[in-house]
């Protein structure tokens, strides 16, 4: 089902590798982000769990092989041997990864795949697509959650993205710290809490008796508690009506207008109506900057609904992760470092490991990117702990996979720790003057000679 | 499989509608784009075919209903009656739509759903997600294709987006005029031509004997013709090696560096090596502006590979389509127009139709948005032709669905006509001074009183 979620060139290369007899050479590919995208000081890793399930389950179906055989562009290499190869395909390599919910920075391998050249090549597109999407969303969600300073953030952005992506975005946003998603499928697939009450259409649908009746009816439908959307006609009047719609009303949401003015006015109206217990939720194209602005101005919002900013990240729509061959077996079966030298886009040769140093209080201090097999002699407390952990060995899982719900929860809990460990400089939301990069590259890695042309 | 690709609030409202006894009231919802996003002068509609298949197939599985029954947030409304409703759910309404491949502008309903309030409400999230994604991608692809001025554009952006979205993006890009996509699944599902040859990793993998051997081996693998990527180490040297790799080499691709300088140099090198027949393809974060710049400067590129710009549209990451209730039956079973008045985000009441006027040469002149039931008295040639066409009636397809491949081809052919019909003012790529909006709103629609609060 997922085998053709790959780029044509992966299959063209695979065909050539088979013909040339080098398909089984061992290679190491790393997935990393060359530079943090604009407006980001850290990444929060998400998507690894999906990658692992993909690697575990990857097979070519008959229909997929038949389709490939019929493609004129592949006819030169779609031999019987390639067909046999594809039908027998299993991922039999190793995967090391930075765990979901951990911080990552520029130049750090988030995933490291060690496998036959043909296998590792084929995975490129899927792995990039997943990490580019989920890490992008989780990293942005974390910024929004930091800005909300303890108040819940609800991710409402399913409608802005492809429906097939929405559950994954909901999961990534939850890992990043959102309290819930609007996407129901994220609840079913990943156990993410799901939230949502009414749209403007609900109020409009009560055309005979208007907003007041709509509010009363909805509160009657949800006696255990609900939130009312109060800006369909007149937000202040809506607030008053919500205050009078009974004890089931736990919150109101404002989705348009001057949120700073309206937030204060609605608070006053609710309080004056004897409902200081009703919380106020803001939405309407919010992002971390608008949320921080509202809170710094003391506007009394209790929670935020954020859509586009989290799922489409318009300030940095592309994470720009890359997947590069860093080592390959030569004809003597020795793994040698390789890297391209394309101007402005060189790749860093050699299999890597990241060592993360925290201070005594658990605060993040610095990462050192080293060769994976670099010996620390003598090892000291200053070396930090290795960040990439073994996930698969020879195609087998190193530990039983937790359920998707458990994996999601684990990632979210790790993210809480990660965000707590962020020093102030990396927590800043504004671009402004950047703090020095928290990533050091070891001398051994810097001096590594890449074999090449 | 797709029923829970919806927002929680759609289900919460559905529950309340059932409890209140208004679920079966007939309503009209329209999906439209309030304002064209920045840097866009037209939209090219895509995604309708997927919407239709969704409406045709939408069912709640047992697992989905069981999940919903277990959700605490829905417990108040998840009655036996709602369970029965969901298990029997079918879309039984009407769908009218602007066909895929047609132009659309601000304020025009791309989809109009006329159905029971409960049904039409439930669809919102999926319909928005699909049109927001596919129309966004197709519209951008069309701009890039216009900039390329007849030269092929290959969409290479699968790796930048969620893998589950990639085939749909490939289809939308193809509708927008791209010659092919890199996404193999778009070929299998939608019959989109798929293209791609080698990555830098292929060259790096030939560590024993280098780029020259890599090129020769790949050309041997694809005797019917292929494209070589020449910037792994040194682009000019790569060009020379490609020129000497045999007749199978039909094109070279440059993916880094100064594309203006390199394009000219590589052309000279290929020509001097007796290979004027080898075409040159540029990639590397291209968009319509960079492509136009290269071509205006006379850089001799023959084709372009474009990824991020098409699938993530960083200049306008969000299309911002909305789905609004515009008419609802009142208690006397009369459909009445409704609209919200939220500041800055009002909705336009009343079911609408768009009349498109072309001149004698087939060039686009103007759209008029009218009430769907507005009588044109007397009708004249100046009225234009209605743009939204009936697609479903009472849940049944008005015509047999073409295969996904046929539907995609049909949409692409319509898009060719649409782009050909664009007047110069709407063809401009730059923001600059905008031409006057090509959309007129009829007096009857402007004067329509919305029933409300």
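Chains as they are written, first to last, in my numbering: chain A, 22 to 474; chain B, 22 to 474.
Just so it is clear, CB atoms sit at the ideal spot from N, CA and C, and this is done for glycine as well.
- Distances from the CA of residue 277(B) to each of 109(A), 365(A) and 384(A) were compared; the closest alpha carbon is that of 365(A).
- With respect to the 8 Å criterion, residue 245(B) and residue 96(A) are classified as neighbours on the basis of their beta carbons.
- Between residue 197(B) and chain A, the shortest Cβ-Cβ separation is not below 8 Å.
- For residue 209(A), the neighbours in chain B by C-beta distance under 8 Å run, in chain order, 25, 84, 85 and 88.
- Residues of chain A whose Cβ lies closer than 8 Å to the Cβ of residue 300(B) do not exist, since the nearest Cβ in that chain is about 16 Å away.
- Its Cα nearest to that of residue 71(B), the residue 132(B) stands out among 132(B), 341(B) and 270(B).
- Here DSSP, grouped into helix, strand and coil, assigns residue 448(B) to helix.
- Counting only residues of its own chain and dropping the five nearest sequence neighbours on each side, residue 165(B) has a CB closer than 7 Å to the CB of 174, 308, 309, 312, 327, 330 and 331.
- Leaving aside the five residues that flank residue 208(A) on each side, the residues in its chain whose CB is nearer than 6 Å to its CB run, in chain order, 215.
- Residues of chain B with a Cβ closer than 9 Å to the Cβ of residue 219(A) are, in chain order, 30, 33, 34 and 37.
- Taking 8 Å as the cut-off, the Cβ atoms of residue 337(B) and residue 40(A) do not count as close.
- Residue 299(B) sits close to residue 264(B), with the two beta carbons spaced by under 8 Å.
- When beta bridges are read from the DSSP output, residue 407(A) appears opposite 376(A).
- Below the 9 Å Cβ cutoff, chain B contributes no neighbours of residue 442(A), its closest Cβ being approximately 29 Å away.
- About 6 Å separates the beta carbon of residue 114(A) from that of residue 141(A), a gap short enough to meet the 8 Å contact definition.
- Interface with chain A (8 Å Cβ-Cβ cutoff): residue 147(B) is included.
- Contact annotation: the region 99-113 of chain A does not touch the region 244-258 of chain B, with fewer than three C-beta pairs closer than 8 Å.
- For the set 285(B), 407(B), 397(B) and 382(B), the Cα lying nearest the Cα of residue 388(B) is the one of 407(B).
- The beta carbon of residue 193(B) sits closer than 6 Å to the beta carbons of 67, 155, 158 and 159 from its chain, once the five residues preceding and following it are set aside; these are given in chain order.
- For residue 342(A), the enclosing beta strand (DSSP E) stretches over residues 342-350.
- When secondary structure is reduced to three states using DSSP, residue 358(A) falls in the strand class.
- Looking only at 468(B), 204(B), 180(B) and 368(B), the smallest Cα-Cα distance to residue 54(B) is reached by 368(B).
- Shortest Cα-Cα distance from residue 268(B) to any of 182(B), 297(B) and 286(B) involves 297(B).
- Burial of residue 474(B) is indicated by the presence of at least 16 other C-beta atoms within 10 angstroms of its C-beta.
- Counted as a single uninterrupted DSSP element, the alpha helix (DSSP H) harbouring residue 427(B) occupies residues 425-441.
- For residue 248(A), the enclosing beta strand (DSSP E) covers residues 247-250.
- If you draw a straight line from the Cα of residue 272(B) to the Cα of residue 221(B), it is about 16 Å long.
- For the C-beta of residue 179(A), the chain B residues within less than 7 Å are, from N- to C-terminus, 28, 146 and 150.
- For residue 136(B), the enclosing beta strand (DSSP E) covers residues 132-137.
- Looking at the DSSP output, residue 414(B) bridges to 417(B).
- Listed along chain A, the residues sitting closer than 7 Å to residue 239(B) by beta-carbon distance are 37.
- Residue 387(B) has 378(B) as its beta-bridge partners, per DSSP.
- For residue 103(A), the nearest beta carbon of chain B is not closer than 8 Å to its own beta carbon.
- Judged by DSSP in its simplified three-state form, residue 253(A) adopts coil rather than helix or strand.
- Within chain B, the residues 222 and 226 have their CB atoms less than 9 Å from the CB of residue 138(A), given in chain order.
- Residue 410(A) sits away from residue 372(A), with the two beta carbons spaced by 8 Å or more.
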